[in-house]
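Undergrad: The structure under discussion is supplied below as structure tokens; questions concerning it will follow.
Residue numbers (this note's numbering): 3 to 405.
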């Protein structure tokens, strides 16, 4: 009896203890719920961010390089004519084109080659006046008529031939004053001041001094394509005005290697800098040139500069494409492999490692070479994904931290 009584007391005490513990847990749980506390694993919290703002990966990381660098920069170029040696052909008389022997732009021509024939009522009238005055034997008026024909382009030999044959020349030939490649001059309204005149005459050699008056033309032909010559716009039957420029002739003895300089390095390219270049069609042979002119250019909404290297007695042909290399020195900025920076439209983004994740961060970039790219932001102590392309795919929409 006594033992049963003791067992009952122990069971009752144990039951009361269990009930008290259960009540304490409920009170603690109620207290936590009342204050809004939840127990969260901090290692998982970092991995629950938006997938377009962070990436979980074990891709290798790199540190940035800092310091001065001498960088080879690749630039593209082409061979063009040296327009400083261009010869302009203009018409001394107004008239109609009867025959045209120039078929396309950049057609090769030789000095003295017949280019076109024109009919000029003014020139026909002047010839008839000379013949009439010659019959009247009026020396004073005859001399004035001879001088008028000379102003219109006739040489002394042609005037003498006219007086002997007494046949009026209706088709006046115009000859090339130089050898080279001919390019049609766009038709413009005639100017009141004419500095260049065409060759008008009937003898290609020996009699052209009095007929030709050529001048240097500075017209830029950078936008012309020598590799695909276009037909000339001039047609038989078209009228020419007095002083109208018809053609320009460019020689191929002096050419220009013209290179496009991107804006990021334009300030570091000066006159006198050396350029090593080669033809795209022949990469085995290289040439060394010196930049003699830098021309700022705006084309198709883009600002860039054109660097010109003048070539003398070379083996190049107009229209050939070139690949050049110029060395520049930079003293500031941080450097990353090119594959560590990815372009998102107009922005450049790198992936910075923070714990177990990578975050996309926008950066400002500078000079870019074949393998390296300059970053202007202070990223000295960052760990950056070695290859940014491994962290994105074609369906990703990346949002950087500054957005």
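Idealized CB from N, CA, C, for every residue including glycine.
Here the structure is a predicted model, which is why all the values come from computation and not from measurement.
Taking buried to mean at least 16 other C-beta atoms within 10 Å of its own C-beta, is residue 60 buried or exposed?
TA: exposed
Undergrad: CB residue 296 to CB residue 272, shorter than 9 Å?
TA: yes
Undergrad: Between the stretch 83 to 102 and the stretch 252 to 265, are three or more C-beta pairs nearer than 8 Å?
TA: yes
Undergrad: DSSP state of residue 266, grouped into three classes?
TA: helix
Undergrad: Out of curiosity, what's the CA-to-CA distance linking residue 333 and residue 392?
TA: 31 Å
Undergrad: Count the other CB atoms within 10 Å of the CB of residue 184; is the residue buried (16 or more) or exposed (fewer)?
TA: buried
Undergrad: CA-CA distance, residue 388 and residue 355?
TA: If I take the Cα positions, the gap works out to 11 Å.
Undergrad: So residue 94 packs on residue 244, CB below 8 Å; how close in whole Å?
TA: 7 Å
Undergrad: Let me check understanding here. Comparing Cα to Cα, which of 58, 97, 270, 57 lies closest to residue 246?
TA: 97
Undergrad: Rounded to a whole number of angstroms, what is the C-alpha to C-alpha distance between residue 131 and residue 115?
TA: 30 Å
Undergrad: Does DSSP put residue 89 in a helix, in a strand, or in coil?
TA: strand
Undergrad: Please name the residue or residues paired with residue 387 in a DSSP beta bridge.
TA: 63
Undergrad: Counting pairs of Cβ atoms below 8 Å between the stretch 59 to 78 and the stretch 324 to 339, do you hit three or more?
TA: yes
Undergrad: Let me know the secondary structure DSSP gives residue 13 once reduced to three states.
TA: helix
Undergrad: When you compare the CB positions of residue 266 and residue 370, do they come within less than 9 Å of one another, or not?
TA: Result yes, Cβ atoms of residue 266 and residue 370 sit closer than 9 Å.
Undergrad: Just to confirm my understanding: we take residue 168, look at its own chain, exclude 5 residues before and 5 after, and list those with CB closer than 8 Å. What are they?
TA: The answer, listed in chain order, is 133.
Undergrad: Whole angstroms are fine: how far does the CA of residue 358 sit from the CA of residue 386?
TA: Cα-Cα distance, rounded: 12 Å.
Undergrad: Determine the burial state of residue 124: buried for a count of at least 16 other Cβ atoms within 10 Å of its Cβ, exposed for fewer.
TA: exposed
Undergrad: Cα separation between residue 156 and residue 150?
TA: 9 Å
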